[in-house]
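Participant: In our numbering, the protein residues as written are 107 to 303. Backbone N, C-alpha and C define an ideal beta-carbon position, used for all residues, glycine too.
Structure representation (structure tokens):
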């Protein structure tokens with residue numbers, strides 16, 4: 107008799123569960139971003155401070171300024187100048203004028219270099235996050251800059267671009283990054299760069 111009384115309650119609970127699936131607002135899995143060492147984080151903080159000083163500096167194709175807020179700076183010069191100011195030994199002029207992939211090969215950790223052809227922006231950013239927090243140099247079809255991945259998975263595109271100058275943008279709102287068919291990235295370890303071979 108006791109068994110019969112529990113059976114209808116069991117059927118009721120099962121049917122309620124089927125009608126009320128879990129809320130889609132609750133994430134199935136928390137995003138885990140590999141973290142940097144304290145030494146690498148110090149470099150990242152130093153570079154972020156330098157980038158902050160450069161914000162708003164105008165862009166021109168031939169801009170070579172070495173002083174934030176003065177003159178203008180092109181995308182390649184923005185990358186090499188700010189890395190030099192952060193203490194990296196880079197061939198500022200030579201690398202700024204090189205193809206962005208050559209710049210990345212000379213500056214970034216060789217094991218971190220990745221190439222993407224015709225990948226969606228979402229897939230590209232997901233792969234970037236999987237490599238962990240920190241700064242990456244990114245080379246695009248006709249542009250270069252930095253991607254900064256934060257410990258919470260937020261990605262910022264820091265670059266010197268036409269019509270905006272030096273800015274930090276959401277990747278989806280930066281047409282140079284979002285629309286590029288080819289992307290190459292290399293993670294910065296805050297170490298000395300090699301000359302172009």
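Span of the beta strand (DSSP E) holding residue 265?
Facilitator: 261-267
Participant: Hey, out of 240, 289, 253, whose CA is closest to residue 223's CA?
Facilitator: Ranked by Cα distance from residue 223, the first of 240, 289, 253 is 289.
Participant: From the DSSP output, which residues share a beta bridge with residue 294?
Facilitator: According to DSSP, which records beta bridges pairwise, residue 294 is partnered with nothing at all.
Participant: So residue 162 packs on residue 272, CB below 8 Å; how close in whole Å?
Facilitator: 6 Å
Participant: If the criterion is Cβ atoms closer than 8 Å, does the pair residue 247 and residue 281 meet it?
Facilitator: no
Participant: What are the boundary residues of the beta strand (DSSP E) that includes residue 179?
Facilitator: Segment: none, residue 179 is in no beta strand (DSSP E) and carries neither H nor E.
Participant: Less than 8 Å between the CB atoms is what I'm expecting for residue 266 and residue 167, so what's the real figure, rounded?
Facilitator: In fact, because the Cβ distance is near 11 Å, the residues do not count as touching under 8 Å.
Participant: Have a look at residue 148 and residue 141 and give me their C-alpha separation to the nearest angstrom.
Facilitator: If I take the Cα positions, the gap works out to 13 Å.
Participant: Please name the residue, chosen from 212, 270, 259, that lies closest to residue 244 on a Cα-to-Cα basis.
Facilitator: 212
Participant: Does the distance from the CB of residue 209 to the CB of residue 201 come in under 8 Å?
Facilitator: Yes; because the gap between Cβ atoms is below 8 Å, this pair is in contact.
Participant: By the 10 Å Cβ neighbour count, where 16 or more other Cβ atoms means buried, how is residue 174 classified, buried or exposed?
Facilitator: buried
Participant: Can you find the residues in the same chain that come closer than 6 Å, C-beta to C-beta, to residue 295, ignoring five residues on each side of it along the sequence?
Facilitator: 215
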